[in-house]
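Contents: one structure, followed by commentary.
Residue numbers (the numbering used here), protein chains in the order written: chain A, 1 to 68; chain B, 69 to 536.
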């Protein structure tokens, strides 16, 4: 997500994100959602700031699946 | 303290089942008493979305006949229970608390629904919940939010809101909730009851409407720890309909109902759960401190532990939850957004704005969190903390976004999949319940139940009932 150091994005950028996501929101709905989005954006900043090193997403293959 | 509660509706499952087994109490009598209790209180509490009065009485008559002919099935036979309204019930409307699913009638029971019925439980009805198991009390959905039996001006917590209020107020003897970030333990804590989220894979999610596939858990909510053990016993175990369920054998949880925790080592991550964060209520902390003292007096060894990754658990839990929720609800969000309540529609839309890298980074964070918990659990048997940062908030001035600003004490165990229980551990000066959370190693529900039971038997908060 394109974001400032505080995790917030500009209104223009926010509208573009909504358009790309295809959410089909009105301008009024977008204005309403933006402050809440700014709150949640801090979570994005947080997970991208963690030193993850070589940590993998450990998907586990179960050759026996589906179960009998 | 009385062994048997004089009010039928406040009996524990253990108490009632003993009378039912001995044929000193009829399932019909017990079911009728529960219906009477619902009739007397639910216009104030709004715990039930759908009451199955005739079906419950019919099932109670069947149970009565079975017991009379000597076919007693066990602790849940003839016991009135209810389901959060996202558990599928064949032929019975299942709404998930949303206009989106207001006419949805499943053709098949959820596995857990079927297992409770097979154990002889009497399904009383479907319970209120926060829409699609997310957000808070939302007056823009078709369903009236449940109210806290201890103070009806206050919320129950959620998302298993009706499960919390119904069990606390004696409107059923046990309920199932579901939990993705704390939706079983939260309302259990705020309503003064017991709520258990077992290890991920211990209880089937088949037939339970999804919020977040990788973090959703199903579990019991009851007034006592032993009742939670009995309900867990009935629903735990491998289910071919849910490939994430474990093949690990299901132990006899009743063997954990003993009052001895001498020698058990309990870790307390004070740096996170007992910090001076302004969003954490000091009265909650002091109440849980007293609970820790009781555990110590019972013979547990308390040690302070550090889990640095707790600082980003909430971020990872939330991004994974909303991303998966958006994927599940995307079609309806785009074609009929007006059918969602405002609170959930906003949050699901935010889930659609996260990028793949946000989701993957969150999954990688989860791996680190799991490793740190595994490391700590090499030193300790259990972890104990407050369940919630605050007691139940008032409806007036309720700010759903306030939960985004502070830490979550329950989310670590959804992100890691570890078992965790909330048990009552006291009240605020204003008379609102406070819960204590006990968490354990993967599939160590017996250890969690053992400590919770030992504490309950000593503290006996479960013997207090709300003023309604």
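Cβ atoms here follow ideal geometry from the backbone N, Cα and C, with glycine treated the same way.
| message | Helix, strand or coil for residue 150 of chain B? Go by DSSP, reduced to three states. | response | strand
| request: Could I get the ranges of all uninterrupted alpha helix (DSSP H) runs contained in the segment 318 to 390 of chain B, with 4 residues as the minimum, in chain order? | output: 338 to 341 and 350 to 365
| said: Quick check on the burial criterion: 16 or more other C-beta atoms within 10 angstroms. Buried or exposed for residue 68 of chain A? | reply: Its pLDDT being 44, under 50, residue 68 of chain A is placed unreliably in this model, and the coordinates cannot settle the point.
| said: Short of 6 Å in beta carbon distance, which residues of its chain neighbour residue 190 of chain B, apart from the five on each side in sequence? Order them along the chain. | reply: 99, 124, 127, 128 and 148
| said: If you follow the beta strand (DSSP E) that residue 419 of chain B is in, where does it begin and where does it stop? | reply: Unbroken run through residue 419 of chain B is the alpha helix (DSSP H), 410 to 419; no beta strand (DSSP E).
| query | Thinking C-beta only, is residue 323 of chain B closer than 7 Å to residue 233 of chain B? | reply | no
| Neighbour flag for residue 420 of chain B against chain A, beta carbons, 7 Å | yes
| Proximity of residue 52 of chain A and residue 414 of chain B at Cβ, strictly below 7 Å | no
| Which residue spans inside the segment 163 to 236 of chain B form an unbroken alpha helix (DSSP H) run of at least 4? | 179 to 186 and 229 to 236
| Among B/303, B/183 and B/522, which residue has its Cα nearest to the Cα of residue 367 of chain B? | B/522
| Touching or not, the segment 438 to 445 of chain B and the segment 216 to 235 of chain B, by the rule of three or more beta carbon pairs under 8 Å? | no
| said: With three or more beta-carbon pairs closer than 8 Å as the criterion, would you say the segment 449 to 458 of chain B touches the segment 346 to 366 of chain B? | reply: yes
| task | Could you say which of B/370, B/103, B/205 and B/143 lies nearest to residue 519 of chain B if we only look at CA atoms? | result | B/370
| Assuming residue 385 of chain B contacts residue 505 of chain B under a Cβ cut-off of 8 Å, what Cβ separation, rounded to an integer in Å, is found between them? | With 8 Å as the limit, residue 385 of chain B and residue 505 of chain B do not qualify as a contact, their Cβ atoms being about 15 Å apart.
| Every unbroken alpha helix (DSSP H) inside the segment 108 to 159 of chain B [4 residues or more] | 121 to 136
| What's the gap between the Cα of residue 24 of chain A and the Cα of residue 388 of chain B? | 23 Å
| message | Give me the subset of the segment 384 to 398 of chain B whose CB atoms are less than 7 Å from a CB atom of chain A, sorted by chain position. | response | 384, 386 and 387
| Taking C-alpha atoms, which residue in B/117, B/132 and B/184 lies nearest to residue 199 of chain B? | B/117
| query | So which residues of chain A does residue 429 of chain B contact, with C-beta pairs closer than 9 Å? | reply | 44, 47, 48, 50 and 52
| message | For a contact defined as C-beta to C-beta under 8 Å, what are the partners of residue 19 of chain A on chain B? | response | Result: empty, since nearest Cβ-Cβ is about 11 Å, beyond 8 Å.
| Any beta-carbon of chain A closer than 7 Å to the one on residue 414 of chain B? | yes
| query | Of the residues that make up the segment 314 to 328 of chain B, which ones have a beta carbon closer than 7 Å to any beta carbon in chain A? | reply | none
| query | Counting Cβ pairs closer than 8 Å, one from the segment 424 to 441 of chain B and one from the segment 328 to 340 of chain B, do we hit at least three? | reply | no
| message | With H, G and I counted as helix, E and B as strand and the rest as coil, what does DSSP make of residue 48 of chain A? | response | helix
| said: I'd like the list of long-range same chain contacts for residue 351 of chain B, defined as Cβ closer than 6 Å, with 5 residues on each side in sequence excluded. | reply: 496
| Which whole-angstrom value is the C-beta distance of residue 503 of chain B and residue 492 of chain B, which I expect to be below 8 Å? | 6 Å
| task | Keeping to the same chain, check which residues put their C-beta closer than 6 Å to that of residue 301 of chain B; ignore five residues upstream and five downstream. | result | 321
| field | CB contact check: residue 55 of chain A to chain B, cutoff 7 Å | value | yes
| Where the alpha helix (DSSP H) containing residue 254 of chain B begins and where it ends | 253 to 259
| Under a CB-based cut-off of 7 Å, is residue 426 of chain B close to chain A? | yes
| said: Rounded to whole angstroms, what is the Cα-Cα separation between residue 195 of chain B and residue 54 of chain A? | reply: 45 Å
| By a C-beta neighbour count over all protein chains shown, 10 Å radius and 16 as the cutoff for buried, is residue 162 of chain B buried or exposed? | buried
| residue 192 of chain B beta carbon less than 7 Å from that of residue 153 of chain B | no
| field | Contact between the segment 465 to 477 of chain B and the segment 201 to 214 of chain B (3+ Cβ pairs under 8 Å) | value | yes
| message | For residue 510 of chain B, which residues in the same chain have their Cβ closer than 8 Å to its Cβ, ignoring the five residues on either side in sequence? | response | 267, 485, 486 and 487
| query | Between the segment 164 to 177 of chain B and the segment 135 to 147 of chain B, do three or more beta carbon pairs fall short of 8 Å? | reply | no
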